[in-house]
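Colleague: What follows is a single structure, and I will ask about it in a moment.
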Amino acid sequence: MTHPPPQAVLTRALRRLQRGRAAPANGEQVISFAVLTDSSTATCSSTLTFHLSTPRSHHLYHARLWLHVLPTLPGPLSLRIFRWGGRRRGRGSRVFLAEHQLTTPGWHALTLPSSGLKREESGVLKLRLDCSSLEGNRTVAPQLLDSAGEQRPFLELKTRPKWPGAARARRRTPSCEPATPLCCRRDHYVDFQELGWRDWILQPEGYRLNFCSGQCPPHLAGSPGIAASFHSAVFSLLKANNPWPLGTSCCVPTARRPLSLLYLDRDGNVVKTDVPDMVVEACGCS
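Numbering-wise, the sequence shown is residues -7 to 278 according to the working numbering.
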């Protein structure tokens, strides 16, 4: 990760996102901070460059551009936002996205059409900002946006899988008693600080990993409520009633659930995602 955003920038952005709706299950919520380039105070225009890392298997359905307008705002402005593409025949191509009016300094959340935010193959997305006075005044502010401080522009993106899987019913088994020798779920807490991951995982500080351990005697492995599956129950009964060896039963996870992570990717984006199968919820005999 190059040029990570300051902690103050992360804190401000996260507080604002907490007021809105969270991404759906198995979706992602991404905060991508901008690099301000090609700024021109003469025409009140600038280009914002974002490095996105959203998976191509996900569909973008929500996009908002957050801008902090400085107190040097000379008066009401009309802001036009374009997606800036590669050069064609010596000229840069651009696609109109939205137009908003800026009448006061401070934070502005500008909704963008998610269908128009097509990034390049490299994951780079460039937005061109052009503004003009609503009062016919050609004088513009010497600086309209905070490009490198604690009020950096950022994109708020929400994605969901293009092909969502069917919801799974959760099965829970109680935690093991310390002296229990039979197959059950053992609670275990993992601290990301101890793993050396706290420099890129923002939340949570750790989580209950849990694991499965214990004996699987034939009478237990053949019980439909304890076996990992109906196939395992039938197979265990065959092993118990036949003299030839058919293998041994093992204590394995039978139900898992995802873990929500808030982390920094290599481009400095804040990503909220649900990592599947991270927490063991139930165990059984295979």
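Built from N, CA and C at the ideal position, the CB exists for glycine as well.
1. Who are the Cβ neighbours of C176 in its own chain at under 7 angstroms, not counting the five residues just before and after it?
2. Quick one: residues in its chain with C-beta nearer than 6 angstroms to the C-beta of C242, no 5 flanking neighbours on either side, listed in chain order?
3. For E169, name the three-state secondary structure that DSSP assigns.
4. Go ahead and label H43 buried or exposed: buried means 16 or more other beta carbons lie within 10 angstroms of its beta carbon, across all protein chains shown.
5. If L137 sits next to V61, beta carbons under 8 angstroms apart, how far is it from one beta carbon to the other, in whole angstroms?
6. Cutting at 6 angstroms between CB atoms, please list the residues of its own chain near V27, excluding the five before and the five after it.
7. Between P250 and the rest of its own chain, which residues show a CB-CB distance below 8 angstroms, the 5 nearest in sequence each way excluded?
8. Here's the rule: buried if 16 or more other CB atoms are within 10 angstroms of the residue's CB, otherwise exposed. What is S37?
9. Taking the C-alpha atoms as reference points, what is the distance between R178 and C204?
10. Label H50 either buried or exposed according to how many other C-beta atoms from any shown protein chain fall within 10 Å of its C-beta, with 16 as the threshold for buried.
11. Can you tell me whether A247 is buried or exposed, with buried defined as 16 or more other CB within 10 angstroms of its CB?
12. Look at the alpha carbon of Q93 and the alpha carbon of W192, and state the distance between them as a whole number of angstroms.
13. In or out: K264 buried (at least 16 other Cβ within 10 Å) or exposed?
14. Below 8 angstroms on the Cβ atoms is my guess for L102 versus L57; work out the distance and round it to an integer in Å.
15. Relative to the C-alpha of H180, which candidate in S24, L201, P170 and P209 has its C-alpha closest?
Modeller: According to the data block:
1. T165, C168, G206 and C275
2. S278
3. coil
4. Counting C-beta atoms within 10 angstroms of its own C-beta, H43 has 16 or more neighbours from the protein chains shown and is therefore classed as buried.
5. 7 angstroms
6. T41
7. Its chain contains A17, N18, D266, V267, P268, D269, M270 and V271 as the residues whose beta carbon lies nearer than 8 angstroms to that of P250, once the 5 sequence neighbours on both sides are disregarded; these appear in chain order.
8. Label assigned to S37: buried.
9. For R178 and C204, the distance between alpha carbons rounds to 6 angstroms.
10. buried
11. buried
12. 37 angstroms
13. Buried, because 16 or more other Cβ atoms sit within 10 Å of the Cβ of K264.
14. Contact flag correct, Cβ pair sits at about 5 angstroms.
15. L201
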